[in-house]
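Residues 1 to 248, numbered by the UniProt record's numbering, are exactly what the sequence shown covers, in order.
To start, the structure under review is shown below, and the notes come after it.
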Amino acid sequence: MAPQYLETAQGRRIAYHKTDGQGPCVVFLGGLKSDMEGTKALFLEDWAKARGQAFLRFDYSGHGESSGRFEDGCIGDWHEDTLAAVDQLTQSEIVPVGSSMGGWQALLLAKARAGRIKGMVTIAAAPDFTEDGYWANFTDAQKDELNTRGRVELPSDYMEPYVVTKRMIEDGRTRLVLRDALALPFPVRCLQGTDDSAVSTATALRLLEHATCEDMRLELVKDADHRFSDEACLRLIAEAVAEVCAQG
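Here's what the structure looks like:
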């Protein structure tokens, strides 16, 4: 089925698929350079349809079938895309499900739209990764290259190299969520594989310790990798989403 599109206030064209149903609407937030056709997004869409539950998946700008180039984007742009999708395409309560970079986006969404969120699920959440992952691990040569060329390329285990731009690093510093108070006034379930080469269990524990939340749990899955997409992991995702949907 062809996607539908929405236009953002910034002039970006965002591709999406929305399934109507009962609330709260489950909103899948994908990872960096991922798209809405990934295993987890499609699994959750089928799961929501079977329950008669509303569901939304979309591509950030520069991802998938949305407009723009990945190299031109940054965390703030994708936050604006997320706000546009939530504000224009959903009503009442939502349950964001954020995977990797989408976990950071879910936390930014919580800061901007806490009153709309019934609960949240994160999968290998990667908050602040532009600063604590990229910048903190750049060599002096890479930092010089970023400042002179405006970009560096990093190898990836999953696809072609990531292009990291100076704009992405600088914008990321204005979107950090682990330095200041992070109130999550709703149930949160965090899922994390112990064999994740992209996001460490230390990051998951840091988020758990940092956030202020009365009902927040972290589940570590032995030997699960960053994809978190085998049958057992998908079942855990569905269970976590069902649990927060049923709260309250």
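Where a beta carbon is used, it is the ideal one built from N, C-alpha and C, also for glycine.
Worksheet item: Going by other Cβ atoms of all chains shown within 10 Å of its Cβ, with 16 needed for buried, is residue 34 buried or exposed?
Response: buried
Practice prompt. Would you mind stating whether residue 194 and residue 220 have Cβ atoms separated by less than 7 Å?
Written response: yes
Worksheet item: DSSP state of residue 191, grouped into three classes?
Response: strand
Worksheet item: With 16 as the cutoff for other CB atoms within 10 Å, does residue 1 come out buried or exposed?
Response: exposed
Fill in: Residues that DSSP places opposite residue 95 in a beta bridge
26
Worksheet entry | Stretch pair the segment 213-229 + the segment 177-192: three plus CB contacts closer than 8 Å | yes
Worksheet item: In terms of alpha-carbon separation, which member of 246, 239, 3, 52 lies closest to residue 122?
Response: 239
Worksheet entry | Under the three-state DSSP convention, the category residue 216 falls into | strand
Worksheet item: Can you give the Cα-Cα distance for residue 169 and residue 117, rounded to whole angstroms?
Response: 28 Å
Worksheet item: Given a threshold of 16 other Cβ atoms within 10 Å of its Cβ, counted over all protein chains shown, does residue 222 qualify as buried or as exposed?
Response: exposed
Practice prompt. Check residue 43 in the structure and name its three-state DSSP category.
Written response: helix
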